[in-house]
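Comments concern the structure below.
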Amino acid sequence: MEPTVCPLQNSGCLEKQDKIIQLLFPKKFNKDVLYNTLMSFGSDKSNFDRNKVSQDTLVPGCQSDLYLYEIYCDGRLFFFTYTEALISSGIAHLFSQVYSGEHPETILTCKPIFFEKLSQYLSIGRVNGGDSIYMRMKQIAVRYLTS
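The sequence shown finishes on residue 147 if you use the UniProt record's numbering, and the numbering steps up by one all the way, no holes.
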């Protein structure tokens, strides 16, 4: 079943991504500042329920063990991630920030533009990990399409 996309449906997702891009890539861009920003995002792990650390929530394809679970409420998905690796945690945080609060259809159709730009500055392992996070989010979204 192919999700139907309303032109305005992805506007919230795109706005969130635009804010992230502006934050990560200011006019006076500095790679060290980028990595420090990612690590600062990754340092807050307070929203993750540690009881959710299990094989079921483990995201395959990430360099370090990364866990992701969702809560579905009023037709929207909310994502929570956890890993000990700070940069990976920062990347996962950005994916959660972009796609939390969105409808399953939006998660499936709103590409992670912020990550395409960020990928230029990441190792191949971290790029693959980010791709794996988004793939897992899309798999979760598909489960809720008929809900």
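Ideal Cβ placement from N, Cα and C applies to all residues, glycine included.
Fair warning: this is a prediction, and the values are worked out from it, not measured in the lab.
CB contact flag (residue i, residue j, <7 Å)
| i | j | result |
| --- | --- | --- |
| Leu94 | Gly42 | no |
| Ser64 | Thr81 | no |
| Met137 | Ile107 | yes |
| Val98 | Lys16 | yes |
| Cys62 | Gly129 | yes |
| Ala141 | Pro104 | yes |
| Phe114 | Ser100 | no |
Beta-bridge pairing of residue i - partner residues as DSSP gives them
| i | result |
| --- | --- |
| Ile71 | Phe78 |
| Leu58 | Tyr67 |
| Glu102 | Leu77 |
Helix, strand or coil at residue i [DSSP, three-state]
| i | result |
| --- | --- |
| Glu84 | coil |
| Leu122 | coil |
| Cys13 | helix |
| Asn47 | coil |
| Ile20 | helix |
| Asn36 | helix |
Neighbourhood of residue i by C-beta distance below 8 Å, restricted to the same chain and skipping five residues each side
| i | result |
| --- | --- |
| Tyr67 | Phe48, Lys52, Val53, Ser54, Thr57, Leu58, Val59, Thr81, Tyr82 and Thr83 |
| Lys45 | Tyr82 and Ser89 |
| Thr37 | Leu23, Leu24 and Gly90 |
Same chain, Cβ closer than 6 Å to residue i, five either side skipped, listed in chain order
| i | result |
| --- | --- |
| Val127 | Ser119 |
| Cys110 | Asn10 and Cys13 |
Residues near residue i in its chain [Cβ-Cβ closer than 7 Å; skip 5 each side]
| i | result |
| --- | --- |
| Lys117 | Ile21 and Phe25 |
Interface flag, residue i vs chain B, CB-CB below 7 Å
| i | result |
| --- | --- |
| Ile21 | Of the protein chains in the structure, only one exists, and it is not chain B. |
Using a Cβ distance threshold of 8 Å, determine whether the region 62-72 contacts the region 21-35, with at least three qualifying pairs required. Cβ pair count under 8 Å is below three, so no.
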